[in-house]
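Below is one structure, written out as structure tokens, with a few remarks after it.
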């Protein structure tokens, strides 16, 4: 835990050499980290594949921005209300969807996600502000800020934590602290009897029922908790950039978090965080590459080779980053269903095996010599 | 009254597209036991077969415009017109129907390649993994299309002769205010034709009989010395063709863009689940049913009472059906029971 805290807080230092040291990206690592570990509580522990988790992300963002608009620019109430709202909605969706399992559960959550997404563009327009997205304006009431007569700066105010503005690195450190707190809770859940029950549901739900434990409350609790994590992530998104749009609720966004979890390793403790790191880092790199960068990169080749390689790799970078993502996704599911963590485990095993074999050979030799 | 009828036709039209995709999905699920999230991509590829065919036949040469003599103005004249005169123009005009001849073999190949190249390795894996890998494949196919055709919808007009509207009102004696586009009527009729063809193929031929037997008890059919696997592969290709033809013919109705496959897939999946996993009749029936419901909900009379209902009605129905009839409307016992 201490190591984890240190690792997260020192991210700006050790990520510097690979060019990932700027606040925007670091914030994304932390925020999606929370989202992914929350998702892992549901998918990793219980095996229920939800295709609608982006809803909670979106709800969290909207709630946070509303809190900024109506109450105060302080982030604490915003986060509190976001988690609360996400939890309530998760309880509602979970109560209905968790009556089914397997693919039916996936479809139900997908249906709910699409429902929310479509509603955000139509009926809920007054709340969500449709395609423009919900933004701060100059005329927001901000009741609490006014009541405490905090000085109002010129222009649009930025979010703050008791006076510390949430931009750049301070924003990242705030997200990082939240990530560490969330991770602590997550670790506790993993190692608690409650977590054991959830794992039991994944491996054999029927048997769980036979031995007399009603699985439903556990599933709903897990769903709500993971929804709350997503709500927290959504509110942090609004904290670092006070703007909420419905595209955060699209089902492709849910697909992204599934991908992160899978890539890292479903059901493992650190896997989802690893997946987030890899995907967000690659996204950052790949989508920034353009033709001239490629030309530079391949400039060691003769002219024809350079242009050939450039045109071959062009579809995979920049705008085409999603293509790479899709390929990566397929490769991982096909060859490494346990994700990177499983890969590491395999490598470790093979090294250990080699050692064991060598040792046993050595002992065998000695004994034969003797 | 007219408005209701129009919406009914619209709904049947949309429902036909849903039903064709849902039919393929449930066919694949019933035979191979694979949840195929890439099925929408097959619809997409079909639509882009039509687009490509049209692009190919309209490859043009720049020639001087004879009508403008003050300066050099160029107009584009398709090569086909230059080479074949009126026949060439007719080919261009009929690009979408003609593209079907070109779409069917392509979809056959795509279907076979997909099944042999990827799906066959996932028979024994969990449904979650099947969903995930085909989801990845769908993203890949969609992005490839986007790379070649860009992100904007590409208008693909139907032949001139059917671009007008039919006097549907006169046919059923309701006056001439009720008109409906010809192409949509053709689409509806041919969809019903395709569905009938698929059903009669499965119910009337020996091949279909073997496939149905395989759906009921795969192992037993294998014991009888029939290579059921090969038959199932052919069924997958058939489902791909159905989805592709549906896509190609839908192109004049909705200009295809790269994410249309996903849009249709999500709804079609909901439809399959509502109809009952593995039930062909259920898929077709709920496809038409939900299409009609969606269109009727879009009417002003309805949306003024319940605003936004047209956006969510399908999902709402799905939630209600799944909670009251867990197996879907016509689900079979033993298929996808938990």
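Chains as they are written, first to last, in our numbering: chain W, 106 to 475; chain U, 267 to 604.
For every residue, glycine included, the Cβ atom is placed at its ideal position computed from N, Cα and C.
Which of helix, strand or coil DSSP assigns to residue 117 of chain W: Translated into positions along the first chain, residue 117 of chain W becomes position 12. Note: residue 117 of chain W maps to helix in three-state DSSP.
Below 8 angstroms between beta carbons: does that hold for residue 151 of chain W and residue 307 of chain W? Taking the first chain and counting its residues from 1, one reaches residue 151 of chain W at position 46. Taking the first chain and counting its residues from 1, one reaches residue 307 of chain W at position 202. Result yes, Cβ atoms of residue 151 of chain W and residue 307 of chain W sit closer than 8 angstroms.
If residue 378 of chain W and residue 369 of chain W are in contact, beta carbons under 8 angstroms, what's the gap, nearest whole angstrom? For this step, residue 378 of chain W is matched to residue 273 along the first chain. For this step, residue 369 of chain W is matched to residue 264 along the first chain. Between residue 369 of chain W and residue 378 of chain W the Cβ distance is about 7 angstroms, and since that is below 8 angstroms, they are a contact.
Partner residues on chain W for residue 409 of chain U, Cβ-Cβ distance less than 7 angstroms: Here residue 409 of chain U is taken as the residue at index 143 of the second chain, counted from 1. Correct list: 425, 427, 428 and 431.
Looking at chain U, is there any beta carbon in it that lies within less than 8 angstroms of the beta carbon of residue 356 of chain W? Indexing the first chain from 1 puts residue 356 of chain W at position 251. True, the Cβ-Cβ gap to chain U drops below 8 angstroms.
Pick helix, strand or coil for residue 329 of chain U, following the three-state DSSP scheme. Residue numbering aside, residue 329 of chain U sits at position 63 when the second chain is read from its first letter. Judged by DSSP in its simplified three-state form, residue 329 of chain U adopts strand.
Could you check whether the Cβ of residue 394 of chain U sits closer than 8 angstroms to any Cβ belonging to chain W? The residue labelled residue 394 of chain U in the question sits at position 128 within the second chain. So yes, residue 394 of chain U belongs to the interface.
Within 10 angstroms of the Cβ of residue 604 of chain U, are there 16 or more other Cβ atoms? Answer buried if so, exposed if not. Locating residue 604 of chain U in the second chain gives position 338, counting from the first residue. Unreliable placement is indicated for residue 604 of chain U, whose pLDDT of 44 sits below 50; the coordinate value is still reported in the next sentence. The Cβ neighbour count for residue 604 of chain U, taken over all protein chains shown within 10 Å, is under 16; the residue is labelled exposed.
Helix, strand or coil: how does DSSP classify residue 384 of chain U here? Here residue 384 of chain U corresponds to residue number 118 of the second chain, with the count starting at 1. Taken through DSSP and simplified to helix, strand or coil, residue 384 of chain U comes out as coil.
Can you give me the start and stop residues for the beta strand (DSSP E) that residue 342 of chain U sits inside? Position 76 of the second chain holds residue 342 of chain U. Where residue 342 of chain U is concerned, the enclosing beta strand (DSSP E) stretches over 340-344.
Taking contact to mean at least 3 C-beta pairs separated by less than 8 angstroms, is the region 157-167 of chain W in contact with the region 192-202 of chain W? With contact defined as three or more Cβ pairs closer than 8 angstroms, the region 157-167 of chain W and the region 192-202 of chain W are in contact.
Can you list, in chain order, the residues of its chain with a C-beta nearer than 6 angstroms to that of residue 579 of chain U? Leave out the 5 residues immediately preceding and following it. Locating residue 579 of chain U in the second chain gives position 313, where the first residue counts as 1. So the list reads 559, 560 and 563, once near-sequence residues are dropped.
By the 7 angstroms beta-carbon criterion, what residues does the region 221-247 of chain W contribute toward chain U? Hits within the stretch, in order: 223, 224, 227 and 228.
Would residue 585 of chain U and residue 201 of chain W be called neighbours here (beta carbons separated by less than 8 angstroms)? For the purposes of this step, residue 585 of chain U is taken as the residue at position 319 of the second chain. For the purposes of this step, residue 201 of chain W is taken as the residue at position 96 of the first chain. Yes, these two residues count as a Cβ contact at 8 angstroms.
Beta-carbon of residue 287 of chain W versus every beta-carbon of chain U: anything under 8 angstroms? By 1-based counting over the first chain, the position of residue 287 of chain W is 182. With 8 angstroms as the cut-off, residue 287 of chain W does not count as an interface residue toward chain U.
Taking only the alpha-carbon atoms, compute the straight-line gap between residue 555 of chain U and residue 174 of chain W and give it to the nearest angstrom. Here residue 555 of chain U refers to the residue found at position 289 when the second chain is read from its first residue. Here residue 174 of chain W refers to the residue found at position 69 when the first chain is read from its first residue. Going by the C-alpha atoms only, they are around 43 angstroms apart.
Buried versus exposed, by CB contacts within 10 Å (16 or more), residue 390 of chain U: For the purposes of this step, residue 390 of chain U is identified with residue 124 of the second chain, where counting begins at 1. For residue 390 of chain U, the number of other beta carbons within 10 angstroms of its own is below 16, and it is reported as exposed.
Please state the DSSP three-state secondary structure of residue 240 of chain W. Locating residue 240 of chain W in the first chain gives position 135, counting from the first residue. Residue state, collapsed to three classes: strand.
Does the beta-carbon of residue 279 of chain U have 16 or more other beta-carbons within 10 angstroms, so that it is buried, or is it exposed? On the second chain, residue 279 of chain U is found 13 positions in, with the first residue counted as 1. Under this definition residue 279 of chain U is a buried residue.
Among W:212, W:441, W:189 and W:343, which one has its Cα closest to the Cα of residue 538 of chain U? Mapped onto the second chain, residue 538 of chain U falls at position 272. Of the candidates W:212, W:441, W:189 and W:343, the one whose C-alpha sits nearest the C-alpha of residue 538 of chain U is W:212.
Taking only three categories from DSSP, how would you classify residue 368 of chain W? Looking up residue 368 of chain W in the first chain gives position 263. Looking at residue 368 of chain W - three-state DSSP - the assignment turns out to be helix.
Quick check on DSSP: helix, strand or coil for residue 431 of chain U? Position 165 of the second chain holds residue 431 of chain U. Here residue 431 of chain U sits in strand by DSSP.
Mind checking who residue 447 of chain U pairs with in its DSSP beta bridge? As a first step, residue 447 of chain U must be located in the second chain, where it is residue number 181. Residue 447 of chain U pairs with U:431.
In chain order, what residues of the region 446-479 of chain U put their CB closer than 9 angstroms to some CB of chain W? If the cut-off is 9 angstroms between Cβ atoms, the region 446-479 of chain U has nothing near chain W.
Which residues in chain C have a C-beta closer than 7 angstroms to the C-beta of residue 215 of chain W? List them in chain order. Among the chains of the structure shown, chain C does not appear; the protein chains present are W and U.
Any idea if residue 453 of chain U is buried or exposed, counting beta-carbon neighbours within 10 angstroms, 16 or more meaning buried? Here residue 453 of chain U refers to the residue found at position 187 of the second chain. Label assigned to residue 453 of chain U: buried.
Can you find a C-beta in chain W that's less than 8 angstroms from the C-beta of residue 419 of chain U? Numbered from 1 along the second chain, position 153 holds the residue referred to as residue 419 of chain U. No, no contact with chain W.
Assigned secondary structure, residue 369 of chain U (DSSP; H/G/I helix, E/B strand, else coil): Position 103 of the second chain, counted from the first residue, corresponds to residue 369 of chain U. Of the three classes helix, strand and coil, the one that applies to residue 369 of chain U here is helix, per DSSP.
Using alpha carbons as the reference points, say which of U:591, U:332 and U:431 lies closest to residue 341 of chain U. Position 75 of the second chain holds residue 341 of chain U. For the residues U:591, U:332 and U:431, the minimum Cα distance to residue 341 of chain U belongs to U:332.
Burial state of residue 466 of chain U (16 or more Cβ within 10 Å): Start at 1 with the first residue of the second chain, and residue 466 of chain U comes out as number 200. The residue is exposed, with fewer than 16 neighbouring Cβ atoms inside 10 Å.
For a cutoff of 8 angstroms on Cβ pairs, would you count residue 401 of chain U as touching chain W? In the second chain, counting from the first residue as 1, residue 401 of chain U sits at position 135. Interface residue, yes.
Identify every residue that forms a DSSP beta bridge with residue 348 of chain W. Sequence index remark: in the first chain, residue 348 of chain W carries index 243 (1-based). Its beta-bridge partners are W:240.
Taking buried to mean at least 16 other C-beta atoms within 10 Å of its own C-beta, is residue 364 of chain W buried or exposed? One-based indexing of the first chain puts residue 364 of chain W at position 259. By the neighbour-count rule (16 or more Cβ atoms within 10 Å), residue 364 of chain W is buried.
For the pair the region 507-527 of chain U and the region 425-441 of chain W, tell me if three or more CB-CB distances fall below 8 angstroms. No, they do not touch.
Contact the region 137-151 of chain W vs the region 365-385 of chain U: 3+ CB pairs below 8 angstroms: They do not touch, by the three-pair rule.
Integer Cβ distance of residue 553 of chain U from residue 304 of chain U, believed to fall under 8 angstroms: Within the second chain, numbered from 1, the residue matching residue 553 of chain U stands at position 287. Within the second chain, numbered from 1, the residue matching residue 304 of chain U stands at position 38. Under the criterion of beta carbons closer than 8 angstroms, residue 553 of chain U and residue 304 of chain U do not qualify as touching, at roughly 19 angstroms.
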